[in-house]
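Only one structure is covered here, and it is reproduced in the block below.
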Ligand SMILES: C[S@@+](CC[C@H](N)C(=O)[O-])C[C@H]1O[C@@H](n2cnc3c(N)ncnc32)[C@H](O)[C@@H]1O
């Protein structure tokens, strides 16, 4: 016994914990190498090759063999790649490549592994915030908008028309007839571009703080020859549209706001009286004890600490964090003037809730 109220030291429990930490170290390292495999196109290359040597794989991928060989070492010991020692070849099983290649989208989990290295790139700045408070601004996250739009391609763009829109009964018909739609915190605006393509009679607007992301979106809209879309670099804490939109959407864009309450009020004001607010935001409870069974709870709290909460605090904001949870989200929606709030979930999407809200109807 050490200390008065302490439980006796359990050697077995302690040994098991050390084993767990070793697995954490290996898997953390593997996440980094999966990200590298995605960015270099190695998973895509290997999925199209028979068992091959490191030289053959490097040549097919157009990469440096020495680096490819070391990466294959990590992939082999990490049990993602199979190695034939006799022939000195490497291969990726089909059962694995369906989760790791570009062809596997929207199930390409290698896309998500990029967050680990992206978040790691600001670790020193975050450590400083632990000491001094404050936050790390958006601009410090190199590649943020690039990775975000790749991630959203899988979580928003692919399911948008067939899975997300049906969560709002009757909206498809209205979009076909012609309505005004706004995406708040639209990032690169790909969701609005996808809808503008599908519904030529409707008009689509997107606001985002980042001129870089808006520029990327404008280029995409131009490439697609879209005339019914307007993307603007704008602080959504300050927009003052009134009763203008039939549908306002946010995709993963409320919890990291500096002033989320103000943004929700602005959204409420921007909606027509019979308008609908569609908010996709992180699934979870506001209370950590309710999140013990969350399949990606640790990943989400980590992403929040290293990005979502911190970008908000960098603007002297609220710092809600990604795991603000449905209890706080519902309360804030009500405070913003939404009377009817439904929370929906989609099978195979453990990361998001879909809040469908309508204005409080004053008598
Ligand atoms: C997590 S990203 C989501 C982006 C996009 N909705 C998507 O799904 O890809 C949050 C977005 O909110 C934007 N944002 C944050 N604060 C903002 C503000 N005050 N005004 C406008 N946009 C803001 C960021 O620039 C970023 O693009």
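Numbering (the numbering used here), first residue to last: 874 to 1236. Cβ coordinates follow ideal geometry from the N, Cα and C atoms, glycine included.
Going by Cα to Cα distance, which pick from the options is closest to residue i?
i	options	result
residue 1213	1219, 996, 1203 and 1221	1203
residue 1198	1173, 1022, 1149 and 1008	1173
residue 1040	1234, 1156, 906 and 1215	1215
residue 899	1104, 934, 1053 and 952	952
residue 981	1211, 1017, 937 and 1031	1031
residue 1006	1188, 957, 1234 and 1225	1188
residue 948	903, 1104 and 1181	903
residue 1029	1123, 922, 1192 and 1181	1123
residue 1128	1072, 1171, 1121 and 1190	1190
Per DSSP, residue i forms a beta bridge with which residues?
i	result
residue 1078	1055 and 1103
residue 1231	1149 and 1213
residue 991	In DSSP, residue 991 forms no bridge with anything.
residue 1122	1056 and 1151
residue 1225	1155
Any heavy atom of ligand 1 closer than 7 angstroms to the beta-carbon of residue i?
i	result
residue 1021	yes
residue 1058	yes
residue 1097	no
residue 994	no
residue 1080	yes
residue 1124	yes
residue 1158	no
residue 1054	no
residue 1011	yes
residue 1222	no
residue 1027	no
residue 1108	yes
residue 1138	no
Under a Cβ-count criterion, where at least 16 other Cβ atoms within 10 Å of its own Cβ denotes burial, should residue i be classed as buried or exposed?
i	result
residue 894	exposed
residue 967	exposed
residue 984	buried
residue 889	exposed
residue 1058	buried
residue 1232	buried
residue 874	At residue 874, the pLDDT of 46 sits below 50, so the modelled position is not reliable and the matter cannot be decided from this model.
residue 1133	buried
residue 1004	exposed
residue 1017	buried
residue 896	exposed
residue 882	exposed
Less than 7 angstroms between the CB of residue i and some heavy atom of ligand 2, yes or no?
i	result
residue 987	This structure simply doesn't include ligand 2; it includes ligand 1 instead.
Uninterrupted beta strand (DSSP E) stretches inside the region 1141–1208 (no shorter than 3 residues): 1144–1155
Segments of 4+ residues assigned as alpha helix (DSSP H) that fall wholly inside the region 973–1017: 982–993 and 996–1005
Residue ranges of each beta strand (DSSP E) within the region 915–964, 3 or longer: 955–957 and 962–964
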